[in-house]
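One structure is given below, encoded as structure tokens.
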């Protein structure tokens with residue numbers, strides 16, 4: 001993340017929104033020393049790789065990538081998700097991730113029409129639960 005200007009940080013310091021508070025906290029944090037981390041790929045446990053790929057590709061628009069017997073990589077835009085087969089039926093219900101979107105409201109409208117958005121969501125932040133119980137929270141990019 002690029003450093004914010006001092007003027008921008010001072011302006012955001014008076015903003016009460018959670019996203020502004022997070023930006024101010026990040027700007028105040030010291031620069032890490034040593035190697036930088038570049039990205040993270042969530043690993044979501046699933047019981048059936050084929051069924052999970054059908055959901056992520058067919059319902060959410062992810063493109064299947066590498067696929068092996070016990071895991072598969074899918075991507076959409078700048079987001080990658082690794083699906084890993086689990087023999088434990090309780091494990092998938094513990095997975096999840098949060099995804100920033102440029103237009104969460106458009107995704108909300110599209111996926112609500114398909115019946116895959118959880119009822120408690122709003123256009124700015126909502127959950128989709130995959131067939132294995134993993135919770136994916138989609139939110140406006142500025143709201144993470």
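In the working numbering, the protein residues as written are 1 to 144.
In this text, a Cβ means the ideal position worked out from N, Cα and C, and glycines have one as well.
Outcome for residue i when other beta-carbon atoms lying within 10 angstroms are tallied against a minimum of 16
i, result
"residue 30", "exposed"
"residue 104", "buried"
"residue 8", "exposed"
"residue 23", "buried"
Own chain residues within Cβ distance below 7 Å of residue i, not counting five before or after
i, result
"residue 62", "56, 74, 75, 76, 81"
"residue 28", "none"
"residue 33", "none"
"residue 51", "131"
"residue 93", "133"
"residue 106", "none"
Sub-8 Å separation of residue i and residue j beta-carbons
i, j, result
"residue 91", "residue 45", "yes"
"residue 145", "residue 96", "Residue 145 is absent from the structure shown; the chain starts at 1 and stops at 144."
"residue 119", "residue 139", "no"
"residue 53", "residue 72", "yes"
Proximal residues to residue i (C-beta, below 6 Å), its chain only, five neighbours per side dropped
i, result
"residue 121", "127"
"residue 41", "80, 82"
"residue 11", "none"
"residue 64", "53, 57, 74"
"residue 17", "none"
Identity of the residue in the options nearest residue i by Cα
i, options, result
"residue 78", "99, 85, 66, 86", "99"
"residue 85", "132, 24, 39, 41", "132"
"residue 142", "102, 109, 38", "102"
"residue 111", "130, 94, 93", "130"
"residue 59", "70, 6, 108", "108"
One or two residues paired with residue i in a DSSP bridge
i, result
"residue 75", "63, 80"
"residue 68", "In the DSSP output, where bridge partners are listed per residue, residue 68 has none listed."
"residue 138", "99, 126"
Same chain, Cβ closer than 8 Å to residue i, five either side skipped, listed in chain order
i, result
"residue 89", "47"
"residue 67", "49, 53, 73"
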